[in-house]
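Notes follow the structure.
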Amino acid sequence: MARNSGRSSPGRQTLHLSGGDQAPSNSAPGSPQLSSMEQSIGQKTELLELSREAIFVVDNSGKIVFWNRGAEQLYGWKRDEVLGKSPAELLHTELPRSMPQIENILRRESHWDCELRHTTRQGNVITVASRWALWRDSTGQVLGRFQLDTDITKRKQVEQELRVLSGRLLSLRDEERRRFARDLHDSVGQLLAGASMNLSLVQKKISEANPDCLKLLNEGNTLLDEALREIRTLSYLLHPPLLDEVGLLSALRWYVAGFSERSQIKVELEVPENLGRFRRELELALFRIVQESLTNVHRHSSSSTAKITVTRLPNQVRLKVEDQGKGMTLPLAVHEQNSSGVGISGIRERVRQLGGQMQIRSGNWGTALEVLFPVEESAPSQGVSAAGQ
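Each residue of the sequence shown is one higher than the last, beginning at 1242 in the numbering used here.
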C-alpha cells in the first residue's frame, strides 16, 4: 500500500512505496537508481494496475520506468513501447511552467497538481488533470516521480460550451436592457411628456376663481414630472446613452453622481482624462461591473464611502472598486446575487467572457474588487486623473 514516508516533513505529500519485492520483468534498464526503483515498485505493480487512471513512474533521469494499463488505454502505447522514453517527448506535453520551476515545486512541496494537454498515439489532443508526487525509497531517497493522469477532456468541452452559452445569455440580457431602455424613453417617456404638456395648457385656462381645481392640476402635473424623471433615470440605468455616444469616462461620471445622490454614499472616481475609448463590449462590461459593485456596497457593506479607480496600462485596463464597510464572507459572496439577478458571480462571468482576471479581498477594513482586462491597442501616456462625485 502507498503510505507517507516517516522521513517527510509535516504537511508534505510524498508517495512512498517500500519493500524489497521483485521488480516487474518489463522494467527499463540503464538508470543508476534502477535497482532501488525496481525494488520500490516491485509488488505494488498489481495495486497500480487496479487503477483505471493513467499511472506511470519517471526516474531521476526523466525516463519512464513504469506504465500501467490505464496509461495504455488512455494514450494508446503499450508498456514495452514507452519504457525508457521521456514522457514529455512521447506525449508532446504542453507544460504551464518550465521543468526547472516544476522541479523546484516538487522539491519544496513533494507534489504538484495541474492541467496538462497531451497528444495520444492516435494524434488526439486531450486534457488531463495531472498529479505529480515524489517517489521515495524506504530510506527517503528520491528515486523519481509518480504521475497520475485523469482524462477531463469531455468536462473541459462542456465547460467551454457553458461559457459560450453564458456569454450569449449576457449579450442577450444587455441587448434586452438596451431595447427596453429605448422603449421606455421613446414610448412611455414621450406619452408622459405629452400628458404633462396638456395639463400645462389646461392650467392656463383655469381661472383663479376655481382654486381647488387649479391645485389638483398643479399636483397632477408635478406627479407627471416626477414620473417622467424616474422613467428617464430608469432608462439611463438600463443602458446609458453616454456610453455609446462619448464613452466610459462620461458614463461613469454621470452614474457615480446619480448614485451618490440617491444612496448618500460619497464615491470618489479616479479616471485618467486621456482614458480613450475601448471596444463596445469592454466598455459595457466595465460600466456594469461598477454598477453592480456599487449596488453591493449600498446593500451589503454599510459603508458611507467608496472609491473607483480606472487605470490604463500597456495593453491592459484595470478597474478597482473599494469600500470601507464591514466586509463579506468570500466563498458565499461569490455565489450571491442581488435582486436583479446579478451579483459577484455575474461580475466573474463578465470578466471570464472577455479573458480578464478578477480578485476580491475582504476584511474588517472593507472590501476591494479588482479586475484586469486585456486591451489590444497600445495605451496612451498617463495623464492627470479626474476625481468626481
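Don't be surprised by glycine CBs; every beta carbon is placed ideally from N, CA and C.
Going by DSSP in three states, residue i sits in which element: helix, strand or coil?
i	result
residue 1342	helix
residue 1421	helix
residue 1569	coil
residue 1509	strand
residue 1615	strand
residue 1394	helix
residue 1307	strand
residue 1320	helix
residue 1335	strand
residue 1382	coil
residue 1602	strand
residue 1532	helix
residue 1549	strand
residue 1493	helix
residue 1519	coil
residue 1607	strand
residue 1363	coil
Would you report the Cα separation of residue i and residue j, rounded to the nearest angstrom?
i	j	result
residue 1416	residue 1546	32 Å
residue 1573	residue 1606	Confidence at residue 1573 is low in this model, with a pLDDT of 44, below 50, so the placement of that residue should be treated as unreliable; the coordinate-derived value is given next. Taking the straight line from one Cα to the other gives about 18 Å.
residue 1551	residue 1561	7 Å
residue 1302	residue 1383	12 Å
residue 1270	residue 1596	Because residue 1270 sits at a pLDDT of 45, beneath the cut-off of 50, its placement in the model cannot be relied upon, and the point is left open.
residue 1331	residue 1387	16 Å
residue 1391	residue 1324	20 Å
residue 1275	residue 1300	Residue placement at residue 1275 cannot be trusted, given a pLDDT of 49 that sits under 50; what the coordinates show is reported in the next sentence. Cα-Cα distance, rounded: 8 Å.
residue 1438	residue 1486	29 Å
residue 1462	residue 1440	6 Å
residue 1413	residue 1334	39 Å
residue 1600	residue 1518	24 Å
residue 1290	residue 1311	7 Å
residue 1447	residue 1473	30 Å
residue 1249	residue 1509	With a pLDDT of only 38 at residue 1249, under 50, the local geometry of the prediction cannot be trusted, and no value is derived from it.
residue 1558	residue 1549	13 Å
residue 1374	residue 1350	9 Å
residue 1316	residue 1294	11 Å
residue 1614	residue 1423	29 Å
residue 1500	residue 1494	10 Å
residue 1401	residue 1468	44 Å
residue 1404	residue 1466	44 Å
residue 1314	residue 1358	16 Å
residue 1470	residue 1433	10 Å
residue 1395	residue 1356	13 Å
residue 1554	residue 1389	40 Å
residue 1513	residue 1376	54 Å
residue 1267	residue 1322	Residue confidence for residue 1267 is low, a pLDDT of 40 falling below 50, so the modelled location carries little weight and cannot support an answer.
residue 1366	residue 1352	25 Å
In chain order, what residues of the same chain lie with their CB nearer than 6 Å to the CB of residue i, ignoring the 5 residues before and after it?
i	result
residue 1604	1568
residue 1537	none
residue 1591	1526
residue 1496	none
residue 1611	1561 and 1600
residue 1594	1408
residue 1602	1609
residue 1598	1613
Under 7 Å Cβ to Cβ from residue i, same chain only, skipping five residues before and after it: list those, please.
i	result
residue 1397	1368
residue 1421	1479
residue 1458	1440, 1443, 1444 and 1447
In the DSSP assignment, find the unbroken beta strand (DSSP E) run with residue i in it and report its ends.
i	result
residue 1360	1352–1360
residue 1561	1557–1564
residue 1372	1366–1377
residue 1296	1295–1300
Taking residue i as part of the alpha helix (DSSP H), name the residues at either end of that continuous run.
i	result
residue 1587	1585–1594
residue 1476	1452–1479
residue 1514	Unbroken run through residue 1514: none, as it is neither H nor E.
Relative to the C-alpha of residue i, which candidate in the options has its C-alpha closest?
i	options	result
residue 1320	1355, 1477, 1553 and 1308	1308
residue 1489	1523, 1467, 1470 and 1372	1523
residue 1306	1297, 1313 and 1314	1297
residue 1418	1481, 1347, 1504 and 1322	1481
residue 1563	1553, 1539, 1465 and 1554	1539
residue 1328	1371, 1345 and 1477	1371
residue 1410	1616, 1587, 1598 and 1602	1587
residue 1363	1348, 1394 and 1318	1318
residue 1617	1556, 1598 and 1338	1556
residue 1385	1366, 1425, 1361 and 1344	1344
residue 1530	1504, 1503, 1584 and 1511	1584
residue 1491	1338, 1399 and 1511	1511
Say yes only if the C-beta of residue i is nearer than 8 Å to one or more non-hydrogen atoms of the ligand SAM, and no if none qualify.
i	result
residue 1368	Looking for the ligand SAM in the displayed structure turns up nothing, as the structure carries no ligands at all.
Starting from the C-beta of residue i, find all residues in its chain whose C-beta is less than 8 Å away, skip the five residues before and the five after it, and write them out in chain order.
i	result
residue 1506	1500, 1535, 1538, 1539, 1544, 1545, 1546 and 1547
residue 1566	1538, 1541, 1542, 1543, 1544, 1607 and 1608
residue 1436	1465
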